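Asker:
Protein chains in written order, with our numbering: chain A, 1 to 498; chain B, 499 to 1534.
1) What three-state label does DSSP hand residue 249 of chain A in the structure shown?
2) Beta-carbon within less than 8 angstroms of residue 1465 of chain B's beta-carbon, same chain only, minus the 5 sequence neighbours each way: which residues are those?
3) Helix, strand or coil: how does DSSP classify residue 869 of chain B here?
4) What does the Cβ neighbour count give for residue 213 of chain A, buried or exposed, with the cut at 16 atoms within 10 Å?
5) Report yes or no: do the segment 177–191 of chain A and the segment 149–167 of chain A share at least 3 C-beta pairs separated by less than 8 angstroms?
6) Could you tell me whether any Cβ in chain B is nearer than 8 angstroms to the Cβ of residue 461 of chain A?
7) By Cβ distance, which residues of its chain are closer than 7 angstroms to residue 772 of chain B, with the 5 residues on each side in sequence left out?
8) Give the secondary structure of residue 1188 of chain B by DSSP, where H, G and I count as helix, E and B as strand, and everything else as coil.
9) Starting from the beta carbon of residue 1022 of chain B, find every residue of chain A whose beta carbon is closer than 9 angstroms, and list them in chain order.
10) Based on the DSSP secondary-structure assignment, which residues constitute the bridge partners of residue 848 of chain B?
11) Quick one: grab the DSSP three-state call for residue 1589 of chain B.
12) Would residue 728 of chain B pass as an interface residue toward chain A - the criterion being a Cβ-Cβ separation below 8 angstroms?
13) How many whole angstroms separate the CB atoms of residue 872 of chain B and residue 866 of chain B, which I take to be in contact at a CB cut-off of 8 angstroms?
14) Can you tell me where the beta strand (DSSP E) with residue 494 of chain B in it begins and where it stops?
15) Out of curiosity, what's the CA-to-CA distance linking residue 1392 of chain B and residue 1420 of chain B?
16) Are the beta-carbon atoms of residue 716 of chain B and residue 620 of chain B separated by less than 8 angstroms?
17) Would residue 87 of chain A pass as an interface residue toward chain E - the criterion being a Cβ-Cβ separation below 8 angstroms?
18) Considering just the uninterrupted stretch of the beta strand (DSSP E) at residue 473 of chain B, what are its terminal residues?
19) Whole-angstrom Cβ separation of residue 218 of chain A and residue 390 of chain A, contact assumed at under 8 angstroms?
20) If you follow the alpha helix (DSSP H) that residue 805 of chain B is part of, which residue opens it and which one closes it?
21) Note down, in chain order, every chain A residue with its Cβ under 8 angstroms from the Cβ of residue 1494 of chain B.
22) In angstroms, rounded to a whole number, what distance separates the CA positions of residue 1437 of chain B and residue 294 of chain A?
23) Taking 8 angstroms as the CB-CB cut-off, is residue 1432 of chain B touching chain A?
24) In the segment 268–296 of chain A, which residues sit with their C-beta less than 7 angstroms from some C-beta in chain B, listed in chain order?
25) Taking Cβ to Cβ, would you say residue 1314 of chain B is nearer than 8 angstroms to residue 1353 of chain B?
26) Would you mind listing the alpha helix (DSSP H) stretches within the segment 901–971 of chain B that are 4+ residues and don't spill past its ends, in chain order?
27) Please report the distance separating the alpha-carbon of residue 354 of chain A from that of residue 90 of chain A.
28) Rounded C-beta distance between residue 1519 of chain B and residue 667 of chain B? I'm assuming under 8 angstroms.
29) So, does the CB of residue 490 of chain A fall closer than 8 angstroms to a CB anywhere in chain B?
30) Drop a sphere of 10 angstroms on the beta-carbon of residue 384 of chain A, count the other beta-carbons inside from all chains shown, and report buried for 16 or more, exposed for fewer.
31) Note down the Cα distance separating residue 1113 of chain B from residue 1012 of chain B, rounded to an integer number of angstroms.
32) Taking Cβ positions only, does residue 1326 of chain B come closer than 8 angstroms to chain A?
33) Among residues of its own chain, excluding the 5 on either side of residue 1263 of chain B, which ones have a beta-carbon nearer than 8 angstroms to its beta-carbon?
34) If you draw a straight line from the alpha carbon of residue 397 of chain A to that of residue 976 of chain B, how long is it in whole angstroms?
35) For residue 345 of chain A, does the three-state DSSP call read helix, strand or coil?
36) By the criterion of Cβ-Cβ separation under 9 angstroms, what are the contact partners of residue 473 of chain A in chain B?
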């Protein structure tokens, strides 16, 4: 070996040694760790971004798989008399509930389930990670308050549709939990709403966000529901009345009121109006591109090229008192593509359809031609007329029918084009309020919850018209009030087996 | 001939180092102190008279031996009793020569075409096939290079035992899955490691078939352990050609192909549909009073007369492909060069899909000095695909096809496709519309320089260093032109552009030492290697384009825009050592150990050690076997060892967040600012560690009839531990997944390959080979769980169709067991389930009167019982003829397309399958197809949709005409070939879809699945076309 070679070899070997000795440092990321919540949530804008994801989760997506974006969110509520669907096509998931014959592998029930839990896990994160945030306390409180509100709203839907559910409140906790009792769920959501009530401001700068009034309104509804089936904690009626009263008395502070005309409620110009207490915001540009309840979902397939997803049952329509509200709630005539006007009695499904939600999605002069299946809209989950009716019922149930109860319901009736109620006994008054609420909120996914809370399902179902194509197969008793836990969830966590 | 010899010499030169070792290995240098000794001298030459250096000359009893020098001379002292000398040299047939009392012998060695003597590449080195201790398969490159090969992977189909190659997608440039001895991993993609010219993790798309010198597949633990943590799935080693010394060789080849849909699926015509829909409406709808069918008799008749839309023919076309390739190579004393360029322009059989590729490869080998050799290679490539990626998933054009009925038109008005809400069939997604309105182009530019320097410090002692870089620049554009689908002012079109920069660096040192002590031979290889991978990217997207004509060229002119960036990096660091020892050239031992470090893991889990060992016994070298005079080769070998996998994301130990459009929201109401959301995905897992695969292998190699028949058989037993599994979180805990190390998987198998040349005459030769593989895959444990659900969902089912379950193979189908329909005599039994005769009947596993999740069970498997390949090639004068058969027996495929054509799932409101003519009616009891009934349950995850995946396919048929040398020389060519080739000629199968072996699961490139959990799921996979090719090859 020549001298040159030896030098060469020496150079090589030493290079080898140097790199080898230093090797432990060679497998470190020089740029540190990304995705560390401690770093991310120091900045309040990231905490806010997670509250945004919380609403986005509830809102859902365009693919009929999660959230409130499509009529699928109402799947568990089809047992009510304000909802039915067509007999054929791809509506099997809705029909199951309409026929009281639900199954755990019903894919559509996951829309509500997933949307709510997506809201919940993001809310959990906001509550937990806000500890890392460095900002002024009021801003942090507002965001945390929103998280409590959304978590409560989500659990409220879940507990009403399923009863016992997994109560997941801490994302870092084990996911292998079991089902929590209905009472435990109510305890959590009341606790959350009490927090939200304190933390939220009277009014939000961004009008789509919940304020203190929204928390109180929801709390009133929660108390009212807790007082009915299955917990029947009747002492809560008084608290429901109390909370509703706080909203009604402070409506100027919170900026709530009834809109003068019922038919204007779903106009795009009235998105997030005074009547709206909490609404989900649908915007085509956000990537979810979803608000499918608006156009085709409630249009007849045969006449207007719609989807027949949901429409009213005939008895509900027949009992609905005539007036401005009925005219604005339903469509009884359809314009087909041959420009013929078809009355619902001559239509394929022989049912009236909902007239709500259509603004922005449908050109009324040519519905079959230009209706779209999604549009921009604010979809109200709580509105002021509901608070009035909650008050009327809660007041009547806790203190007896008084003038304030009449005032509350009559405000709603007056706008509906109906005469004032008076002189009713307590039971009749309560029944009148429940009917009123059904009509006022027809097709808005509330009727079913009122029916189960008051155990009126059998009574209402007994009146189902024999002209209905979807026939009742299962029992209309409490055993079918709750939806089965989705099969896919039970498979992932067998502890959820009921 | 001359050329061939030159080639051999060249090979010799390239592998100088290995050869030297081998020569030493074959030489015994000790001699006995004996009195009666004589000296024998002579010269060894090849058939052309060129002296051969390094020829091994030994007496038959191995008592003495020597090696020829540079002039081919040898000189040997042998016992006077010696009568025979054995001459052996790599690439040449060994000869035993009777010395007949002569003192001088001149020998002509003949070239040996025998594959068993070839030199095979193993990791970081090479070895003579007969000295292998591990299990390595070698591809017959000649077989591949005679065909119009668009992709190397596909040319491997059916050719190697233990290697399963599947085209998941027939999209041009679509992906292929390769499994060597089964799937080890659930999370990992199980693709073998590809090493091209020493560059680890290289891309096979960048190599043109004609540039390849050799392909070796390393299968057992001993041969893969040198790649440590990346070797668990087997290794494919590709070497490309270098220039041959001498005048420039110029070659040119071209081919043109047309491809068609290999099979038509029967869908209802418009007439048939309208007739059946009337029946459906009548049988389902309860409507008192006068009944009016949806389609009048006149309409039905019109549809029968006028046909309606044939969606399948609207969507598929005859596609053309052209390919050109030019190569030039040569060399002078110190420099060899090789340069080649290729252009491919390939259309897909699905409309609006195609692929284009330019490859350029340059290689220089420079002898800087006698001891120092420099090797420089440059690869440059550009690939451009249009809609060849994510097209095969269930919501893609093909997936939508079975939901679109023939009564619906393709176009609404001129330039606007019919969409949104057809009256019957799918709610949306006109298949032609999806394919026309969505344009995804992927342009990938690769630049891959590599430099290596080899220094021969001393005979038997060398140092090599190689540095390489792979720089990939990718642009993906997406354009959704909704104006094609809808008219009106509210139509929103979208576009996005993303750029990705990927950089893979690798630098290694290889130190080689070998020494022969008497009849002991030692060899040691030490490797030190560092690597890195850095990827970063930008994605810009816009919503509501002002004008679709701007596509993605000006995203600013739109209602809203968003931009995002990402970055991740990975670092590797390894040290490996391999020791070979052989005794008397009969007993061989190999021991390998590699220590790998990867930045993906945390703390103590960063480093892991992978050892392995192998032994081999060359029985044919034993006198008692030699005496039998039967075996030319008889070798028994066995190996045991560990390899690993770290198939996780760079930062998988950390929690993740979701940032996409679906997390965004407008808190100030519709139409106001869209605020970006930061959603919670899933928590991280800091304790992640390596997956480790333990493998045991026993192999037997036999060569008979002058090596005209060779047989190789292996059995193996693999066990993978610490499996990385994505466990799906329940929806209530986030819809994401958490990665955990749980569970074990076993793969046990047997593989056999038999090959030979039964006839070898001047004007007629026949070469045949057969391979057969069985692999049994089984999940042994999943930690605390018995069952894990994969994350993907198909065919409108909320529960997956496959499951990972202890005791089952990966790809086990899971669902409800379909039992046909309730018969008329089962009315009361049916009523228990709310059904009536004619309704679908499912097995009530727990017999509780309700069909619910308790009744889910394993309903089938995607794993085949065995796979095989048969290749035959004939040389009949100037004509070469070959055909390749490949097949699979056993296993099932989920036919999601068939399911959707039966209809009424999810977004479907009608059906397209003629099977429904055979539905249950009171008069048609003997059928499996349920009646039209509102009480019948149509379960998407049921055994009703599983079909036998067995097939037998004429994969390739080729006829080549070789112009005679007379003709060639007249037109101044040295070679001219013309060929006709048919790929995917015919498949015998009972599967009802396009092809039983494609898979559309997942959303990976090509729309095909690359995991083994959701194998054989066909919800609209891109069919593999039948391709006819005419090609020409010439050499100046």
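Built from N, CA and C at the ideal position, the CB exists for glycine as well.
Note that this is a predicted model, so its numbers are computed, not measured.
Answerer: The structure says:
1) If DSSP states are grouped into helix, strand and coil, residue 249 of chain A belongs with the helices.
2) If we look at residue 1465 of chain B and ignore the five residues flanking it on each side, its Cβ neighbours are 1474.
3) Here residue 869 of chain B sits in coil by DSSP.
4) The C-beta of residue 213 of chain A has 16 or more other C-beta atoms within 10 Å across all chains shown, which makes the residue buried.
5) The segment 177–191 of chain A vs the segment 149–167 of chain A: in contact.
6) For residue 461 of chain A, the answer is no, since every Cβ of chain B falls outside 8 angstroms of its Cβ.
7) These residues qualify, in order along the chain: 793, 797, 798, 801, 905.
8) DSSP, read as helix, strand or coil, puts residue 1188 of chain B in coil.
9) Against chain A, a Cβ distance below 9 angstroms from residue 1022 of chain B picks out nothing, because the smallest value is about 15 angstroms.
10) Paired residue(s): B/814.
11) It is not possible to answer for residue 1589 of chain B, since the shown part of chain B is limited to 499 through 1534.
12) Residue-level contact by beta carbon fails for residue 728 of chain B and chain A, as no gap is shorter than 8 angstroms.
13) At roughly 5 angstroms, the Cβ-Cβ gap stays under 8 angstroms, so residue 872 of chain B and residue 866 of chain B are in contact.
14) Outside the displayed span of chain B (499 to 1534) sits residue 494 of chain B, for which this structure offers no information.
15) Going by the C-alpha atoms only, they are around 30 angstroms apart.
16) In contact: residue 716 of chain B and residue 620 of chain B (Cβ atoms closer than 8 angstroms).
17) The structure shown contains no chain E; the protein chains it does contain are A and B.
18) Since the displayed chain B opens at 499 and closes at 1534, residue 473 of chain B lies outside it and no answer follows.
19) That pair is no contact at about 10 angstroms.
20) Unbroken run through residue 805 of chain B: none, as it is neither H nor E.
21) Ordered by position in chain A, no residue passes the 8 angstroms Cβ test against residue 1494 of chain B, which lies about 27 angstroms from the chain.
22) Their backbone Cα atoms lie some 29 angstroms apart in a straight line.
23) Residue-level contact by beta carbon holds for residue 1432 of chain B and chain A, with a gap shorter than 8 angstroms.
24) For the segment 268–296 of chain A, which is checked against every Cβ of chain B, the residues closer than 7 angstroms are 271, 272, 281, 282, 283, 284, 285, 286, 287, 288, 296.
25) Taking a C-beta distance under 8 angstroms as the contact criterion, residue 1314 of chain B and residue 1353 of chain B qualify as a contact pair.
26) With a minimum length of 4 residues, the continuous alpha helix (DSSP H) runs that stay inside the segment 901–971 of chain B are 929–935.
27) Using only the alpha carbons, I get a separation of about 20 angstroms.
28) Sure, about 6 angstroms apart at Cβ, within 8 angstroms.
29) Closer than 8 angstroms: yes.
30) By the neighbour-count criterion, in which a residue is buried when 16 or more other Cβ atoms sit within 10 angstroms of its Cβ, residue 384 of chain A is buried.
31) Between residue 1113 of chain B and residue 1012 of chain B, the C-alpha separation is close to 18 angstroms.
32) Closer than 8 angstroms: no.
33) In chain order, 1255, 1257, 1372, 1373 place their CB closer than 8 angstroms to the CB of residue 1263 of chain B, counting only its own chain and leaving out the 5 sequence neighbours on each side.
34) A straight line joining the alpha-carbon of residue 397 of chain A with that of residue 976 of chain B spans about 60 angstroms.
35) In the structure shown, residue 345 of chain A sits in a helix (DSSP, three-state: H, G or I).
36) For residue 473 of chain A, the neighbours in chain B by C-beta distance under 9 angstroms run, in chain order, 1332, 1433.
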